[in-house]
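Going down the list, the sequences are from chains A and B.
One point on numbering: in the numbering used here, the residue at position 55 of the first sequence is 115, and numbering is uninterrupted.
One point on numbering: in the numbering used here, the residue at position 23 of the second sequence is 83, and numbering is uninterrupted.
I have placed the structure first, in the form of structure tokens, so that the comments after it can refer back to it.
There are 2 protein chains.
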Amino acid sequence: MNIQEHLAKVSQYFSPKVIGEVNDVYVKVAKIKGEDIPWHNHANEDEAFFILDGELLFEEEGRDPFMMKKGDFYVVKKAVNHRVSSAKECQIMLIENKSTAHTGEVDAPITKSIQDQLD
Amino acid sequence: MNIQEHLAKVSQYFSPKVIGEVNDVYVKVAKIKGEDIPWHNHANEDEAFFILDGELLFEEEGRDPFMMKKGDFYVVKKAVNHRVSSAKECQIMLIENKSTAHTGEVDAPITKSIQDQLD
Numbered sequence: 061m062n063i064q065e066h067l068a069k070v071s072q073y074f075s076p077k078v079i080g081e082v083n084d085v086y087v088k089v090a091k092i093k094g095e096d097i098p099w100h101n102h103a104n105e106d107e108a109f110f111i112l113d114g115e116l117l118f119e120e121e122g123r124d125p126f127m128m129k130k131g132d133f134y135v136v137k138k139a140v141n142h143r144v145s146s147a148k149e150c151q152i153m154l155i156e157n158k159s160t161a162h163t164g165e166v167d168a169p170i171t172k173s174i175q176d177q178l179d
Numbered sequence: 061m062n063i064q065e066h067l068a069k070v071s072q073y074f075s076p077k078v079i080g081e082v083n084d085v086y087v088k089v090a091k092i093k094g095e096d097i098p099w100h101n102h103a104n105e106d107e108a109f110f111i112l113d114g115e116l117l118f119e120e121e122g123r124d125p126f127m128m129k130k131g132d133f134y135v136v137k138k139a140v141n142h143r144v145s146s147a148k149e150c151q152i153m154l155i156e157n158k159s160t161a162h163t164g165e166v167d168a169p170i171t172k173s174i175q176d177q178l179d
């Protein structure tokens with residue numbers, strides 16, 4: 061299925077949706093607009109970001125903030141605090157372990173369960 | 061890093077290059093042109109294909125061949141025989157377990173070691 065069809069079905073910001081299962085990993089798409097994602101980390105899990113459209117401000121502990129643009133690919137390593145935000149809508153692909161909670165241990169207003177991401 | 065920069069460094073067809081490590085998974089880019097990939101499967105591992113540019117003819121045992129186009133995403137499940145080919149250059153992203161041999165158990169002329177894919 062085309063990624064655009066998957067994205068068309070995403071009606072909420074900060075609400076990742078699983079588009080594929082590759083062994084222990086979920087591939088997801090999400091739309092980001094605003095600053096609702098809290099600082100968080102994933103103690104034991106790396107997380108990959110691929111920008112499908114728009115721009116994503118990436119903040120990561122220990123380095124300067126950087127702007128990710130369409131086609132940019134970045135992996136935040138396990139246990140590293142980070143957050144992402146976007147002034148305008150940004151469309152992303154995520155590659156995460158099935159066990160990864162998208163806001164880490166932080167229970168934020170935007171936090172979604174894995175079940176919600178599979179629906 | 062932008063995916064275009066990664067792709068610019070790929071000088072050979074059928075020669076996947078690792079662009080990121082996400083726990084037990086490698087994310088790779090590759091360029092496909094021709095029909096050099098043999099039928100193969102990965103006994104224990106799913107494999108995801110995402111088309112970055114061009115078109116990829118996907119043949120999979122048990123279903124009709126289908127053409128993947130830019131933005132199409134597809135996961136071939138473990139143990140399912142498949143092969144991909146392209147008349148013109150096609151640029152793809154792959155999501156594979158680190159243990160996945162890109163031509164499965166088949167040792168083809170184009171088969172590359174994981175070390176070669178990391179160089």
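Heads up, the beta-carbon is just placed ideally off N, CA and C, and yes, glycines get one too.
Item to check | Secondary structure of His100 of chain B, DSSP reduced to three states | outcome: strand
Checklist entry - For chain B, is any of its Cβ atoms less than 9 Å away from the one on Asp180 of chain A? => result Because chain A here runs from 61 to 179, residue 180 of chain A falls outside it and cannot be looked at.
Next on the checklist: Taking CB distances under 9 Å as the criterion, tell me whether Asn62 of chain A reaches chain B.
Outcome noted: yes
Checklist entry - Taking 9 Å as the CB-CB cut-off, is His162 of chain A touching chain B? => result no
Next on the checklist: With a threshold of 9 Å between beta-carbons, can Ile155 of chain B be considered close to chain A, or not?
Outcome noted: yes
Item to check | Per DSSP, the bridge partner or partners of Asp132 of chain A | outcome: B:Asn62
Item to check | Spatial neighbours of Ala139 of chain A in its chain, beta-carbon cut-off 7 Å, leaving aside the 5 residues before and after | outcome: Asn101 and Ala103
Checklist entry - How about Phe110 of chain B and Leu154 of chain B: do their beta carbons lie closer than 9 Å? => result yes
Checklist entry - Cβ atoms of Ile79 of chain A and Val89 of chain A: under 9 Å apart, would you say? => result yes
Checklist entry - Which residue's Cα is closest to the Cα of Glu119 of chain A: A:Glu156, A:Glu105, A:Glu95 and A:Val144? => result A:Val144
Item to check | chain B contact residues for Ala108 of chain A, given Cβ-Cβ distances below 7 Å | outcome: Gly80, Val82 and Val87
Item to check | Distance between Thr171 of chain B and Tyr86 of chain B (C-alpha atoms, nearest Å) | outcome: 17 Å
Next on the checklist: Quick check on the DSSP output: the beta strand (DSSP E) that includes Gln151 of chain B runs from which residue to which?
Outcome noted: His142 to Asn157
Item to check | Phe133 of chain A versus Ala168 of chain B: straight-line alpha-carbon distance, rounded | outcome: 30 Å
Checklist entry - Between the Cα of Gln177 of chain A and the Cα atoms of A:Val70, A:Asn62 and A:Arg123, which residue gives the shortest distance? => result A:Val70
Checklist entry - Can you tell me where the beta strand (DSSP E) with Ile79 of chain B in it begins and where it stops? => result Lys77 to Val82
Checklist entry - Going by the beta-carbon positions, is the gap between Glu156 of chain B and Lys91 of chain B smaller than 9 Å? => result no
Next on the checklist: Give me the residue from B:Asp179, B:Asp106, B:Ser173 and B:Gln64 with the minimum Cα distance to Asn141 of chain B.
Outcome noted: B:Asp106
Next on the checklist: For Ser146 of chain A, count the other beta carbons within 10 Å of its own beta carbon; 16 or more makes it buried, fewer makes it exposed. Which is it?
Outcome noted: buried
Item to check | CB contact below 9 Å: Val135 of chain A versus chain B | outcome: yes
Checklist entry - For chain A, is any of its Cβ atoms less than 9 Å away from the one on Glu115 of chain B? => result no
Checklist entry - Can you find a CB in chain B that lies within less than 9 Å of the CB of Lys77 of chain A? => result no
Checklist entry - For Glu107 of chain A, which residues does DSSP report across the bridge? => result A:Val136 and A:Glu156
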